[in-house]
């Protein structure tokens with residue numbers, strides 16, 4: 001069983017990425033003016049963060065299997081703190097982009113280590129329960145962070161946003177030093193780095209790994225496509241106000257949190273595979289509704305409720321599939337839990353970055369790029385869940 005203070009520490013670590021992505025969103029306009037660049041160029045700071053975060057996870061996973069969870073989380077958080085501080089003094093967009101990549105690379109340790117620590121301490125179903133509760137934290141932070149960022153912006157400069165991120169990272173580093181024990185019991189310092197990185201080969205050579213990695217990654221891709229596309233679709237095409245957009249955004253966070261909580265309550269009775277497949281069915285229902293909304297066009301009385309419900313199904317299914325895929329995958333590879341966690345995280349944020357960029361690349365003034373990518377990713381996730389095997 002995980003101690004309460006350890007759980008809250010892990011929840012804080014999982015909040016690093018969504019906080020770094022969403023806290024400074026209200027300051028995009030100020031950054032554009034300060035650095036004398038178009039608003040669209042500032043959006044690249046989100047894209048490069050997603051890519052850096054995904055790559056960072058691949059780096060830290062095997063290292064945590066080789067050197068232990070504590071050392072790696074210290075290194076990652078120290079890098080995050082340094083880069084966050086550097087972002088505060090960036091004078092050009094190029095400098096900001098470079099430091100955002102470094103910031104993301106350091107932050108990649110937090111997602112990998114949080115899941116790996118849970119797996120070190122708990123079995124599959126109990127780990128799925130705790131990871132589901134951690135996922136609620138990840139879902140709630142994007143709901144609160146932009147509002148908090150707006151208040152921070154009132155202090156006078158967008159640079160204060162990165163001061164807050166620096167302070168948060170430093171606090172997490174001190175807390176981890178004082179509260180996080182070394183949980184990787186199978187640690188062997190006789191293994192080389194080459195052997196540690198061979199953990200990826202061990203995980204990927206097992207056919208049962210691929211559907212789990214694909215299921216979790218594809219649903220994150222659908223979610224990031226929704227996050228990228230809905231501001232334009234809701235506010236420009238449907239003419240909704242910023243408050244209405246915020247309300248609809250909150251409904252999706254609520255659906256993810258509710259189903260994540262349901263996972264934490266049900267998984268010990270149903271097992272992980274049952275919940276993954278129910279999540280896949282919900283994602284497929286969402287895909288059908290989102291496609292129907294896109295086909296209906298902007299006939300608001302018909303297509304808007306259909307789109308809202310469809311997106312709630314797609315995003316909510318992450319609460320059923322994400323935690324259970326993570327727990328099931330790491331349970332299959334206890335000696336390489338860090339590598340398994342990293343591969344899942346890379347698929348989530350790597351495919352998320354690709355789907356997010358694709359919505360922008362395919363923009364044609366309609367909702368079709370967003371609805372097509374969301375529906376396609378959710379439908380493929382459903383197929384992947386059907387390929388998950390029962391343990392022999």
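Residue numbers (full-length UniProt numbering): 1 to 392. We put the beta carbon where it would ideally sit given N, CA and C, even for glycine.
- Task: Kindly provide the ranges of any alpha helix (DSSP H) runs that are 4 or more residues long and lie completely inside the segment 314 to 354, ordered along the chain.
- Result: none
- Cβ-Cβ separation, residue 345 to residue 428 (assumed contact under 8 Å), whole Å: With the chain represented from 1 up to 392, any question about residue 428 goes unanswered, as that position is not in the structure.
- Inter-residue Cα distance where the pair is residue 275 and residue 206: Whole-angstrom Cα-Cα distance: 22 Å.
- Proximity below 8 Å, CB of residue 407 to CB of residue 294: Any question about residue 407 goes unanswered here, given that the chain covers just 1 to 392.
- Message: Assuming contact is defined by CB atoms lying nearer than 8 Å, are residue 88 and residue 166 in contact in what I supplied?
- Response: yes
- Message: Which of the three DSSP states is assigned to residue 376 in this structure?
- Response: helix
- Query: Which residues in the same chain as residue 392 place their Cβ atom closer than 8 Å to its Cβ, once the five residues preceding and following it in sequence are excluded?
  - Reply: Because the pLDDT at residue 392 is just 43, under 50, the model does not fix this residue reliably, and the value given afterwards should be weighed accordingly. Once the five neighbours on either side are set aside, residue 392 has no close Cβ partner at all.
- Relative to the C-alpha of residue 160, which residue among 223, 257, 25 is closest? 25
- Message: Give me the residue from 45, 337, 297, 327 with the minimum Cα distance to residue 127.
- Response: 327
- How would you label residue 66, buried or exposed, when you count the other beta carbons within 10 angstroms and need 16 or more for buried? buried
- Please report the residue range of the alpha helix (DSSP H) in which residue 87 lies. 69 to 88
- Roughly how many whole angstroms lie between the Cα atoms of residue 199 and residue 296? 47 Å
- State the Cα-Cα distance for the pair residue 190 and residue 64, rounded to the nearest angstrom. Any answer about residue 190 is weak, because its pLDDT of 49 lies below 50 and its placement is not dependable; what the coordinates show is given next. The straight-line gap from Cα to Cα measures roughly 14 Å.
- Message: Within the continuous alpha helix (DSSP H) that includes residue 172, where are the two ends?
- Response: 159 to 179
- May I have a chain-ordered list of the alpha helix (DSSP H) segments no shorter than 4 residues that lie completely inside the segment 190 to 259? 193 to 197, 199 to 204, 209 to 230
- Spatial neighbours of residue 310 in its chain, beta-carbon cut-off 7 Å, leaving aside the 5 residues before and after: 286, 289, 290, 293
- Ordered along the chain, which non-local residues of its own chain (more than five positions away) have a Cβ less than 8 Å from that of residue 255? 312, 313, 315, 316, 319
- Sort 50, 62, 233 by Cα distance to residue 330 and report the nearest one. 62
- Query: Looking at residue 73 and residue 176, is the spacing between their C-beta atoms short of 8 Å?
  - Reply: Yes, Cβ-Cβ distance for residue 176 and residue 73 is below 8 Å.
- Task: Quick one: using the 10 Å Cβ neighbour count with 16 as the cut-off for buried, is residue 231 buried or exposed?
- Result: exposed
- Minimum C-alpha distance to residue 261 - residue among 29, 86, 343, 140: 140
- Task: Measure the beta-carbon distance from residue 249 to residue 352 and round it to whole angstroms, keeping in mind my assumption that it falls under 8 Å.
- Result: The Cβ separation is near 17 Å, so there is no contact.
- Is there contact here, the segment 367 to 381 with the segment 72 to 86, by at least three beta-carbon pairs under 8 Å? Look at the beta carbons and you see the segment 367 to 381 not touching the segment 72 to 86: under three pairs across the two are nearer than 8 Å.
- Message: Between 228, 375, 70, which has its C-alpha nearest residue 179's C-alpha?
- Response: Nearest of 228, 375, 70 to residue 179, Cα basis: 70.
- Task: May I ask you to verify whether the segment 354 to 365 touches the segment 214 to 228, counting CB pairs closer than 8 Å and requiring at least 3?
- Result: The segment 354 to 365 vs the segment 214 to 228: in contact.
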